[in-house]
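Chains as they are written, first to last, in our numbering: chain A, 1 to 182; chain B, 183 to 353.
Where a beta carbon is used, it is the ideal one built from N, C-alpha and C, also for glycine.
I have placed the structure first, in the form of structure tokens, so that the comments after it can refer back to it.
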Amino acid sequence: MKMRFQLSKMMIVIILLFPAVKSGALGTEKPWWIGIYAGTCGFSENTGLPEAEYLSAGIFVEPLSVHVFNPALKCGVIFPIAHCRKEGVLFQFGGELTLIDIPASGLRDRFYAAMCISPAVGADYLVSTDFQSALFDVSISPLRFRAGDGVLTLCSLHVFIIESPGFEGWGLVLFEAALFLF
Amino acid sequence: MKTDMILPCCLVLLCLSAAGAGADGFGFTFSTDTFIPFCQADTSPVLPGLHTRTGVSWLPGDHLEIEIFHIPQLTPRFYSQIFYGFSVGWWLFQRKTTSCFNVTIDAGVLFSSDLSGFSHTKLLCLQLSPIVLGGPHYSFSDRLLTVGILFDPDRQCLVFEMQFLSITLFL
Chain A
1 MKMRFQLSKM
11 MIVIILLFPA
21 VKSGALGTEK
31 PWWIGIYAGT
41 CGFSENTGLP
51 EAEYLSAGIF
61 VEPLSVHVFN
71 PALKCGVIFP
81 IAHCRKEGVL
91 FQFGGELTLI
101 DIPASGLRDR
111 FYAAMCISPA
121 VGADYLVSTD
131 FQSALFDVSI
141 SPLRFRAGDG
151 VLTLCSLHVF
161 IIESPGFEGW
171 GLVLFEAALF
181 LF
Chain B
183 MKTDMILPCC
193 LVLLCLSAAG
203 AGADGFGFTF
213 STDTFIPFCQ
223 ADTSPVLPGL
233 HTRTGVSWLP
243 GDHLEIEIFH
253 IPQLTPRFYS
263 QIFYGFSVGW
273 WLFQRKTTSC
283 FNVTIDAGVL
293 FSSDLSGFSH
303 TKLLCLQLSP
313 IVLGGPHYSF
323 SDRLLTVGIL
333 FDPDRQCLVF
343 EMQFLSITLF
353 L
């Protein structure tokens, strides 16, 4: 009985010592490189896609974690909600290039972590589920914010391009949240 | 006074009253807005497409919130349908300087307008925001997964509403 009491005391002391360990002792922190994203978007009528609000979701990889010209790849699915139709479901394969991370010290008091304004450009292939048709777009995301393990994109404009006559329509990602997991 | 002048006038009055109150608890709101009608597409008061909601809100006292907003359709046709509306909300827990979490319930009215003017569509709205983080003391708040029910008494149509994210930036 006395032995068990001693063990319990020792356990409590060990547990209390844990916060005293400096974070450096836990090993070098690895940068984030893979995560998930979800957002809402819509497309103009001349893209030929069904009239609806769309949800997008998928995974992304950001292998380099640099502050200038930081590339990322993503793949996922886009599907219509409200008036859901099968022809509106698309696979999304894309790339994105964060141009620069600009520290936004003015937003420090408003969010939970230090924030950077991280504008980006990108390109996407949207492929139908039967792989019979595809759309190509280029995107610009000036309102893109990076804070801690999250990236928040507001009002990203997508321009759809075809060989002739060139412009096929436009799309808008109203809001997209990306969260790093590993 | 023309009908379409009422809401802009209300907006100006709200701004002036907020300015008079030292802009305490006065903020700008931005949110996503998803509508899923529970009636036939041809009788739905909401056109299918991407919508957003922007407005101004004022939080007098410890629980109350008053908001004037507009909800434009962004796609497939930019600003082809707009809803104007106002709502009165109640923050369930008292807004203290140290409180960060809250739950809100809002009731409101929306009026629809299209390119040809007001289409006389009126919607009654009831919303629940189960996760409200931040508040006027933090100069920022965000609501996650707000759900709502809209009712069109003329068409007898119910519309489910969902806001994945709603951001308020307080002055």
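Annotated three-state conformation of residue 50 of chain A is coil, per DSSP. Judged by DSSP in its simplified three-state form, residue 224 of chain B adopts helix. In the three-state DSSP reduction, residue 319 of chain B falls in the helix class (H, G or I).
Secondary structure of residue 176 of chain A (DSSP, three-state): strand. Under a criterion of Cβ atoms nearer than 7 Å, no residue of chain A is adjacent to residue 220 of chain B; the nearest Cβ is some 11 Å distant. Cβ atoms of residue 53 of chain A and residue 271 of chain B stay farther apart than 8 Å, at about 24 Å. In this structure, the CA atom of residue 326 of chain B is about 22 Å from the CA atom of residue 117 of chain A. For the C-beta of residue 52 of chain A, the chain B residues within less than 8 Å are, from N- to C-terminus, 230, 231. Secondary structure of residue 9 of chain A (DSSP, three-state): helix. Membership of residue 255 of chain B in the beta strand (DSSP E) is indicated by the continuous run 246 to 257. Cα atoms of residue 43 of chain A and residue 279 of chain B: separation of roughly 42 Å, rounded to the nearest angstrom.
Distance from the CA of residue 83 of chain A to the CA of residue 60 of chain A, rounded to the nearest whole angstrom, comes to 28 Å.
Of all residues in the region 141 to 159 of chain A, none places a beta-carbon less than 7 Å from a beta-carbon of chain B.
Nearest CB-CB separation between residue 277 of chain B and chain A: not below the 8 Å threshold.
Nearest C-alpha to residue 310 of chain B among B:294, B:322, B:273, B:239: B:273. Judged by DSSP in its simplified three-state form, residue 156 of chain A adopts strand. Sequence-distant partners of residue 308 of chain B (beyond 5 residues in either direction) whose C-beta falls short of 7 Å from its own C-beta, in its chain, are 289, 330, 331.
Your pair residue 160 of chain A and residue 169 of chain A checks out as a contact, with CB atoms roughly 5 Å apart and the cut at 8 Å. Residues are counted here when their Cβ sits less than 9 Å from a Cβ of chain A; for the region 256 to 272 of chain B these are 256, 257, 258, 259, 260, given in chain order. In this structure residue 98 of chain A is buried. Its beta-carbon is surrounded by 16 or more other beta-carbon atoms within 10 angstroms. Pairing residue 255 of chain B with residue 229 of chain B gives a Cβ-Cβ distance under 8 Å. In the DSSP assignment, residue 40 of chain A falls within the beta strand (DSSP E) that extends over 34 to 43. Only residues of its own chain outside the window of five on either side were considered, and among them 64, 95, 97 have a CB closer than 7 Å to the CB of residue 71 of chain A, listed in chain order. Annotation for residue 263 of chain B: the continuous beta strand (DSSP E) segment containing it runs 263 to 273. Exposed is the label assigned to residue 302 of chain B, since fewer than 16 other Cβ atoms lie within 10 Å of its Cβ. For the options B:342, B:346, B:334, B:353, the alpha carbon positioned closest to that of residue 225 of chain B is the one of B:334. Under DSSP, residue 349 of chain B shares a beta bridge with B:212, B:324. Residue-level contact by beta carbon fails for residue 305 of chain B and chain A, as no gap is shorter than 8 Å.
Around the C-beta of residue 349 of chain B, 16 or more other C-beta atoms lie within 10 Å, and the residue is accordingly described as buried.
About 6 Å separates the beta carbon of residue 283 of chain B from that of residue 315 of chain B, a gap short enough to meet the 8 Å contact definition.
When C-beta distances to chain B are compared with 7 Å, the residues of the region 71 to 94 of chain A below that value are 81, 82, 83, in chain order.
Within chain B, no C-beta atom comes nearer than 7 Å to that of residue 179 of chain A; the closest sits roughly 13 Å away. Going by beta carbons, residue 58 of chain A and residue 92 of chain A fall inside the 8 Å limit. The C-alpha of residue 343 of chain B is placed about 11 Å away from the C-alpha of residue 220 of chain B.
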